[in-house]
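Asker:
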Amino acid sequence: MIDGLFISAAHAATAESGAHHGGHDFNPMHQFVINRYVPIKLFGYDASFTNSSLWMVMGTALVIAFFMYSMRGGGLVPTRMQSVTELSYEFVANMVRQNAGNAGMAYFPIIFTIFMYVLAMNLLGMIPLPGLGNFTVTSHIIITLALALFVWIGVTLIGIYKHGFKFFKLFVPSGVPIFLLPLISVIEVISYFTRPISLSVRLFANMMAGHTMLAVFGSFVVGLGILGGWLPFSFMVALMGLEILIAFLQAYVFAVLTCIYLNDALHAGSH
Amino acid sequence: MDPAAAKLIGAGLACSALIGAGIGIGVIFGNFLQGALRNPSAAPAQFPNLLLGFALAEATGLFGLVIALILLFVF
């Protein structure tokens, strides 16, 4: 719903600005428009190859190519490129061990994949490409919601598979006074079912708000021209640094929360 | 009231969620500094938690921003 909203909002606003404002047809939402490059119809569904698909393919290919290239030697003493790869591996491995315990290491590959995917999409969105423009895959809620639902359903299934009926002890925390239990259980159930929403909206809102803000400040630079534009331009450099930090942080937060949810499912009995 | 005006006022009010996010981020960094100055040797180990808290607090404010955008563009 919100995904369609952005496309329609962006289209409506471009049409509006062209009609009303005249001179500057600037719209901070224009960067979220999805363009169909290769229209494909599949069983009545629109499965076109869009700019979103192109960025996903680029990001995934970049990550795979980097890992393949840096690990081609696979030496005991790492080269510079190899140590970057090993650093990212160690970073995620430590995160999984700390938050989900050693039992969580069985699910390390999927968490590493999710982290690298989100990180690559966030960082690739920071780079405007000549001829293609700029697009952030994770600034569309349909992408982040699909990721979050995948994580949430997967984690729930793991919990039920591991613990059977005992999994539902997750909603009945031990050590709570009996008269508070009905209230606490309801809150726990609600918080469990809002997890995919909060997980997806957190990433989507951060990316969308950040890129809208960058576009607005970029328009200040253009609007003030060569004489006055230096002030917002220097501010823009700082904002860019903040956005790169947030691009990394949100990938980290997404992965950490996945680990925490996984930990809940793996250790549901010991709650 | 004109529905369009009500929509704009509602979107503006929804952005007040950012007040809470601002307070939250201030509390997180303030308390981290307080703790870090009392026990500087323990501070580096808690840096990931600081960033996690910052990101979570910031995201809560952005939920309000999303509501503002839904009000503006869906209704």
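Read top to bottom, the protein sequences are chains P and D. For the first sequence, position 218 matches number 218 in our numbering, and the numbering has no gaps at all. For the second sequence, position 27 matches number 1027 in our numbering, and the numbering has no gaps at all. We put the CB at the ideal spot given by N, CA and C, even for glycine.
Does the Cβ of Gly-22/P have 16 or more other Cβ atoms within 10 Å, making it buried, or fewer, making it exposed?
Answerer: Numbered from its first residue, the first sequence carries residue 22/P at position 22. Residue placement at Gly-22/P is poorly supported in this model, since its pLDDT is 40, which falls under 50; the coordinates are not used for a value here.
Asker: On the criterion of 16 or more Cβ atoms from any shown chain inside 10 Å, does Thr-194/P qualify as buried, or is it exposed?
Answerer: Residue 194/P sits at position 194 when you count from the first residue of the first sequence. The residue is exposed, with fewer than 16 neighbouring Cβ atoms inside 10 Å.
Asker: Going by beta-carbon coordinates alone, are Ala-120/P and Pro-196/P separated by less than 7 Å?
Answerer: In the first sequence, residue 120/P corresponds to position 120, counting from 1. In the first sequence, residue 196/P corresponds to position 196, counting from 1. For Ala-120/P and Pro-196/P, no; Cβs fall outside 7 Å.
Asker: Please report the residue range of the beta strand (DSSP E) in which Tyr-89/P lies.
Answerer: The residue you call residue 89/P lines up with position 89 of the first sequence. Here Tyr-89/P belongs to no beta strand (DSSP E); instead the alpha helix (DSSP H) covers 80–100.
Asker: Taking the beta carbon of Gly-210/P as the centre, do at least 16 other beta carbons fall within 10 Å, making it buried, or is it exposed?
Answerer: Start at 1 with the first residue of the first sequence, and residue 210/P comes out as number 210. Buried, since its Cβ has 16 or more Cβ neighbours within 10 Å.
Asker: Measuring only the C-alpha atoms, how far is Phe-254/P from Ala-146/P?
Answerer: By one-based count along the first sequence, residue 254/P stands at place 254. By one-based count along the first sequence, residue 146/P stands at place 146. Those two C-alpha atoms are separated by around 13 Å.
Asker: Kindly say whether Ala-1042/D, judged by its beta-carbon, lies nearer than 7 Å to any beta-carbon of chain P.
Answerer: Working through the second sequence from its first residue, we reach residue 1042/D at position 42. Ala-1042/D does not count as touching chain P.
Asker: Measuring only between beta-carbons, confirm whether Leu-1076/D sits less than 7 Å from chain P.
Answerer: The first residue shown for chain D is 1001 and the last is 1075, placing residue 1076/D beyond what the model contains.
Asker: In whole angstroms, what separates the C-alpha of Thr-79/P from that of Met-116/P?
Answerer: Numbered from its first residue, the first sequence carries residue 79/P at position 79. Numbered from its first residue, the first sequence carries residue 116/P at position 116. If I take the Cα positions, the gap works out to 21 Å.
Asker: Can you tell me where the beta strand (DSSP E) holding Arg-36/P begins and where it ends?
Answerer: As a first step, residue 36/P is located in the first sequence; it is residue number 36 there, counting from the start. That run of the beta strand (DSSP E) goes 36–38.
Asker: Just to check my reading of the structure: Pro-28/P and Thr-212/P have Cβ atoms closer than 8 Å, yes? What is that Cβ distance to the nearest angstrom?
Answerer: In the first sequence, the residue the question calls residue 28/P occupies position 28. In the first sequence, the residue the question calls residue 212/P occupies position 212. Contact holds; Cβ gap of about 5 Å.
Asker: Taking 6 Å as the cut-off, is the C-beta of Tyr-89/P nearer than that to any heavy atom in the ligand SAM?
Answerer: With respect to the ligand SAM, the structure shown offers nothing to examine, as it has no ligands at all.
Asker: Let me make sure I understand the geometry here. Which of Tyr-37/P, Glu-86/P and Tyr-89/P has the alpha-carbon closest to that of Leu-54/P?
Answerer: As a first step, residue 54/P must be located in the first sequence, where it is residue number 54. The shortest C-alpha separation from Leu-54/P is found at Tyr-37/P.
Asker: With a cut-off of 7 Å, does the C-beta of Ala-100/P fall near any C-beta of chain D?
Answerer: The residue you call residue 100/P lines up with position 100 of the first sequence. Taking Cβ atoms only, chain D never reaches closer than 7 Å to Ala-100/P, which makes this a no.
Asker: Could you name the residues that DSSP lists as bridge partners for Asp-272/P?
Answerer: Residue 272/P cannot be examined here, being either before or after the span of chain P that is shown, 1 to 271.
Asker: Got a sec: is the Cβ-Cβ distance from His-21/P to anything in chain D below 7 Å?
Answerer: Within the first sequence, numbered from 1, the residue matching residue 21/P stands at position 21. Since pLDDT at His-21/P reaches only 42, below the 50 mark, its modelled position is unreliable, and the value read off the structure follows with that caveat. Judged by the 7 Å Cβ criterion, His-21/P is not in contact with chain D.
Asker: Within 10 angstroms of its Cβ, does Pro-182/P collect 16 or more other Cβ (buried), or is it exposed?
Answerer: By 1-based counting over the first sequence, the position of residue 182/P is 182. Exposed is the call here.
Asker: To the nearest angstrom, how far is it from the Cα of Phe-91/P to the Cα of Ala-1068/D?
Answerer: Here the question's residue 91/P lines up with position 91 in the first sequence. Here the question's residue 1068/D lines up with position 68 in the second sequence. Approximately 36 Å, taken between the alpha carbons.
Asker: Where does Leu-1072/D fall in DSSP's three states?
Answerer: Within the second sequence, residue 1072/D is the residue found at index 72, counting from 1. Helix, per DSSP.
Asker: Measure from the alpha carbon of Ala-1017/D to the alpha carbon of each residue in Arg-1038/D, Ala-1057/D and Met-1001/D, then state which is nearest.
Answerer: The residue given as residue 1017/D occupies position 17 in the second sequence. The shortest Cα separation from Ala-1017/D among Arg-1038/D, Ala-1057/D and Met-1001/D belongs to Ala-1057/D.
Asker: For the region 1004–1012 of chain D and the region 152–167 of chain P, state whether three or more C-beta atom pairs, one from each stretch, are separated by less than 8 Å.
Answerer: These segments do not touch.
Asker: With DSSP collapsed to three states, give me the class of Gly-133/P.
Answerer: Position 133 of the first sequence, counted from the first residue, corresponds to residue 133/P. Three-state result, Gly-133/P: strand.
Asker: With contact counted as at least three CB pairs below 8 Å, one residue from each stretch, are the region 60–73 of chain P and the region 81–98 of chain P in contact?
Answerer: With a cut-off of 8 Å, the region 81–98 of chain P and the region 60–73 of chain P count as touching, because enough Cβ pairs lie within range.
Asker: List the endpoints of the continuous alpha helix (DSSP H) containing Met-1001/D.
Answerer: Locating residue 1001/D in the second sequence gives position 1, where the first residue counts as 1. Run containing Met-1001/D: none; DSSP gives neither H nor E here.
Asker: Using the Cβ count rule (16 or more neighbours within 10 Å means buried), how would you classify Gly-223/P?
Answerer: One-based indexing of the first sequence puts residue 223/P at position 223. By the 10 Å Cβ count, Gly-223/P comes out exposed.
Asker: Using beta carbons (cut-off 7 Å, strictly below), is Arg-195/P in contact with chain D?
Answerer: Counting from one through the first sequence, the residue named residue 195/P turns up at place 195. Chain D, which has no Cβ nearer than 7 Å to the Cβ of Arg-195/P, makes this no.
Asker: Are the C-beta of Val-253/P and some C-beta of chain D separated by less than 7 Å?
Answerer: As a first step, residue 253/P must be located in the first sequence, where it is residue number 253. Chain D, which has a Cβ nearer than 7 Å to the Cβ of Val-253/P, makes this yes.
Asker: Suppose you measure from the CA of Val-216/P to the CA of Gly-104/P; what does that come to, to the nearest Å?
Answerer: If you number the first sequence from 1, residue 216/P lands on position 216. If you number the first sequence from 1, residue 104/P lands on position 104. Going from the Cα of Val-216/P to the Cα of Gly-104/P covers about 42 Å.
Asker: Distance check for Ala-65/P and Ile-1023/D, CA to CA, integer angstroms please.
Answerer: To locate residue 1023/D, count along the second sequence from 1; it is residue 23. To locate residue 65/P, count along the first sequence from 1; it is residue 65. Taking the straight line joining both Cα atoms gives about 43 Å.
Asker: Have a look at Phe-167/P, Thr-144/P and Pro-232/P and flag the residue whose alpha-carbon is nearest the alpha-carbon of Ser-198/P.
Answerer: Working through the first sequence from its first residue, we reach residue 198/P at position 198. When each option's Cα is compared against that of Ser-198/P, the closest is Thr-144/P.
Asker: Below 9 Å on C-beta distance, what does Val-1066/D contact in chain P?
Answerer: As a working mapping, residue 1066/D is identified with position 66 in the second sequence. Within 9 Å Cβ-Cβ: Ile-2, Ile-141, Val-201, Phe-204, Ala-205, Met-208 and Ala-209.
Asker: If you draw a straight line from the C-alpha of Val-256/P to the C-alpha of Val-96/P, how long is it?
Answerer: Position 256 of the first sequence, counted from the start, is the residue given in the question as residue 256/P. Position 96 of the first sequence, counted from the start, is the residue given in the question as residue 96/P. Using only the alpha carbons, I get a separation of about 8 Å.
Asker: Does Leu-62/P have its Cβ less than 7 Å from a Cβ in chain D?
Answerer: Locating residue 62/P in the first sequence gives position 62, counting from the first residue. Not an interface residue.
Asker: Grouping DSSP H, G and I as helix and E and B as strand, with all else coil, what is Ile-142/P?
Answerer: Here residue 142/P refers to the residue found at position 142 of the first sequence. Ile-142/P: helix per DSSP, three-state reduction.
Asker: For Gly-125/P, count neighbouring Cβ atoms within 10 angstroms of its own Cβ and tell me buried if that reaches 16, exposed if not.
Answerer: Here residue 125/P refers to the residue found at position 125 of the first sequence. Burial call: buried.
Asker: Measure how close the beta-carbons of Ala-1011/D and Leu-1052/D come, nearest whole angstrom, since I'm counting them as under 8 Å.
Answerer: Taking the second sequence and counting its residues from 1, the one referred to as residue 1011/D is at position 11. Taking the second sequence and counting its residues from 1, the one referred to as residue 1052/D is at position 52. That belief does not hold up - the Cβ atoms of Ala-1011/D and Leu-1052/D are roughly 30 Å apart, past 8 Å.
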